[in-house]
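A.B. asks: Before I ask anything, here is the structure I am working with.
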Amino acid sequence: MNHNPQSSEGRHDDDAALSDFLASLMDYTPTIPDELVEHYLAKSGFQCPDVRLTRLVAVATQKFVAEVAGDALQHCKARQATIPKDKRDKQQKDKRLVLTMEDLSKALREYGVNLRHQEYFADSPSTGMDPASRDE
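154 is the number that the numbering used here gives the last residue of the sequence shown; the numbers go up by one with no jumps.
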């Protein structure tokens, strides 16, 4: 067997970094509550009494949701950039971005999640508005 002293030092450093990271999770309050993470972990058949592991899953989930939301925002901006100039001028007054299921579906597809929604879902920014105030 070939024992390289540098590789064992590197492994020790990795173990120490992992231990420090797991210890820091005890003081961290994730955005996603522990109870919610534990519920879905139990629903999938996984149970672990270690709170650090639950918080690690919460942090990973939070990162995934943030990345998907960021990608969906980019799809939303790209979609609104393709709107004809005359309609875009009207929308410039109302500088809100409207995230649609189409934007979310495209973002999730990049991560291998295929999302299908019912045809009756509202995907129009004017849905739910007073008919007299619609510009469409």
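Glycine included, every Cβ here is placed at the ideal spot set by N, Cα and C.
Small disclaimer: the values here were computed from a predicted structure and weren't measured.
Of the choices ALA87, ARG97, LYS113 and GLY130, whose alpha-carbon is the least far from that of LEU122?
C.D. replies: To locate residue 122, count along the sequence shown from 1; it is residue 104. Considering only alpha carbons, the answer is ALA87.
A.B. asks: Measuring straight from C-alpha to C-alpha, what distance separates LEU36 and HIS93?
C.D. replies: If you number the sequence shown from 1, residue 36 lands on position 18. If you number the sequence shown from 1, residue 93 lands on position 75. The straight-line gap from Cα to Cα measures roughly 36 angstroms.
A.B. asks: Please name the residue in ILE50, PHE82 and LEU74 whose C-alpha comes closest to that of VAL131.
C.D. replies: Here the question's residue 131 lines up with position 113 in the sequence shown. Ranking the options by Cα distance to VAL131, first place goes to PHE82.
A.B. asks: Restricting to Cα atoms, I'd like to know which of ASP31, THR79, ASP32 and ILE101 is closest to PRO48.
C.D. replies: By one-based count along the sequence shown, residue 48 stands at place 30. When each option's Cα is compared against that of PRO48, the closest is THR79.
A.B. asks: By DSSP, does ASP45 sit in helix, in strand, or in coil?
C.D. replies: Within the sequence shown, numbered from 1, the residue matching residue 45 stands at position 27. ASP45: coil per DSSP, three-state reduction.
A.B. asks: Report yes if the CB atom of LEU43 is closer than 8 angstroms to the CB atom of LEU74, and no otherwise.
C.D. replies: On the sequence shown, residue 43 is found 25 positions in, with the first residue counted as 1. On the sequence shown, residue 74 is found 56 positions in, with the first residue counted as 1. With contacts defined as CB atoms closer than 8 angstroms, LEU43 and LEU74 qualify as a contacting pair.
A.B. asks: For LEU115, report the span of its alpha helix (DSSP H) as first-last.
C.D. replies: Mapped onto the sequence shown, residue 115 falls at position 97. From DSSP, LEU115 is part of no alpha helix (DSSP H); its letter is neither H nor E.
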